[in-house]
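Chemist: Which chain is which? The protein sequence lines are P and D, in order. Quick note on numbering: my numbering labels position 56 of the first sequence as 102, and the sequence is numbered without any gaps. Quick note on numbering: my numbering labels position 40 of the second sequence as 49, and the sequence is numbered without any gaps.
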Amino acid sequence: DTAVSQTPKYLVTQMGNDKSIKCEQNLGHDTMYWYKQDSKKFLKIMFSYNNKELIINETVPNRFSPKSPDKAHLNLHINSLELGDSAVYFCASSQGLSGANVLTFGAGSRLTVL
Amino acid sequence: KQEVTQIPAALSVPEGENLVLNCSFTDSAIYNLQWFRQDPGKGLTSLLLIQSSQREQTSGRLNASLDKSSGRSTLYIAASQPGDSATYLCAVGSNYQLIWGAGTKLIIKP
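Shown next, in the form of structure tokens:
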């Protein structure tokens, strides 16, 4: 039973489209994250939610909008997709904040914008 | 501003050798340091977490050390196996966030 699951695993779409990536965790964690890993393999935090409240919102274009309907789910919606949005997006969760606790990652969602 | 550096960026060694991966950070005010493994096309797996008050942690053939004063951590892998081939990332817990290194890509040759 997967602890942190993301869907879809692969997503290929045209510039200008709107798409969503979903994430669910069954670990009972109270904090969830979205990370972006670019072609150079750097991991960058995008958003962090603790008990459904946004606590970290790094410098990310407002075309990216996270939504957390409950503490087990954190979805990422992207409007007006651009070529530079192509990357692997990772969802993760932890009990408490990541600076102090172990993160559990999903398998990633590879987004390709054509 | 905390910065995390991993050297080397890539490493290739024959099977059976012991090896050390390095991670350095600029600000010693950290909560912890974590080592992760990333396999191609997959997510990250947490290997070891060292709290700021600890000097080292061990799990099987892996041993991670932490020297806060010098801003360094090492991940020691004993008796390397082809299955150890992956990218290894270190991440420093600082200011309620994880600050990531760029990783070391490790290849173990059979």
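Glycine included, each C-beta is placed from N, C-alpha and C at the ideal position.
Using the beta-carbon of each residue, which ones in chain P are nearer than 9 Å to W109/D?
Modeler: In chain order: Y81, F88, L89, K90 and I91.
Chemist: Restricting to Cα atoms, I'd like to know which of S85/P, W80/P and I102/P is closest to E70/P.
Modeler: Nearest C-alpha to E70/P: W80/P.
Chemist: Roughly how many whole angstroms lie between the Cα atoms of T53/P and N41/D?
Modeler: Approximately 31 Å between the Cα atoms of the pair.
Chemist: Counting C-beta neighbours from all protein chains within 10 Å, is the total for K82/P 16 or more, i.e. buried, or is it exposed?
Modeler: Counting Cβ neighbours within 10 Å, K82/P comes out buried, since at least 16 surround it.
Chemist: How is G102/D classed by DSSP in three states: helix, strand or coil?
Modeler: Note: G102/D maps to strand in three-state DSSP.
Chemist: How would you label S66/P, buried or exposed, when you count the other beta carbons within 10 angstroms and need 16 or more for buried?
Modeler: Per the 10 Å Cβ criterion, exposed.
Chemist: Rounded to a whole number of angstroms, what is the C-alpha to C-alpha distance between F110/P and G50/D?
Modeler: For F110/P and G50/D, the distance between alpha carbons rounds to 23 Å.
Chemist: Whole beta strand (DSSP E) runs in the stretch 97-121 of chain P with 3 or more residues, listed along the chain?
Modeler: Complete beta strand (DSSP E) runs here, min 3: 99-103 and 110-116.
Chemist: Quick one: list the residues of chain P neighbouring G184/D, beta-carbon separation under 8 Å, in chain order.
Modeler: Absent from the structure is residue 184/D, since the part of chain D shown begins at 10 and ends at 119.
Chemist: From K55/P to A153/P, what distance separates their C-alpha atoms?
Modeler: Looking at the two C-alpha atoms, the distance is approximately 8 Å.
Chemist: To the nearest angstrom, how far is the alpha carbon of I116/D from that of T96/D?
Modeler: The alpha-carbon atoms of I116/D and T96/D are separated by roughly 9 Å.
Chemist: To the nearest angstrom, how far is it from the Cα of C99/D to the Cα of N125/P?
Modeler: If I take the Cα positions, the gap works out to 32 Å.
Chemist: As a quick exercise: from L160/P, L149/P and T158/P, pick the residue whose alpha carbon is nearest that of T54/D.
Modeler: Nearest option by C-alpha distance: L149/P.
Chemist: Identify each residue in the stretch 105-116 of chain P for which the Cβ-Cβ distance to at least one residue of chain D is less than 8 Å, and report them in chain order.
Modeler: The stretch 105-116 of chain P vs chain D, Cβ under 8 Å: nothing.
Chemist: When you compare the CB positions of V22/D and V101/D, do they come within less than 8 Å of one another, or not?
Modeler: No, they are not a contact pair.
Chemist: Less than 8 Å between CB atoms is the rule here; does K51/D satisfy it with respect to chain P?
Modeler: With 8 Å as the cut-off, K51/D counts as an interface residue toward chain P.
Chemist: Less than 8 Å between the beta carbons of L122/P and M78/P, yes or no?
Modeler: No, the Cβ-Cβ distance between L122/P and M78/P is not below 8 Å.
Chemist: Please name the residue in S37/D, R81/D and L30/D whose C-alpha comes closest to that of L71/D.
Modeler: The shortest C-alpha separation from L71/D is found at L30/D.
Chemist: Determine the burial state of Q60/P: buried for a count of at least 16 other Cβ atoms within 10 Å of its Cβ, exposed for fewer.
Modeler: Burial call: exposed.
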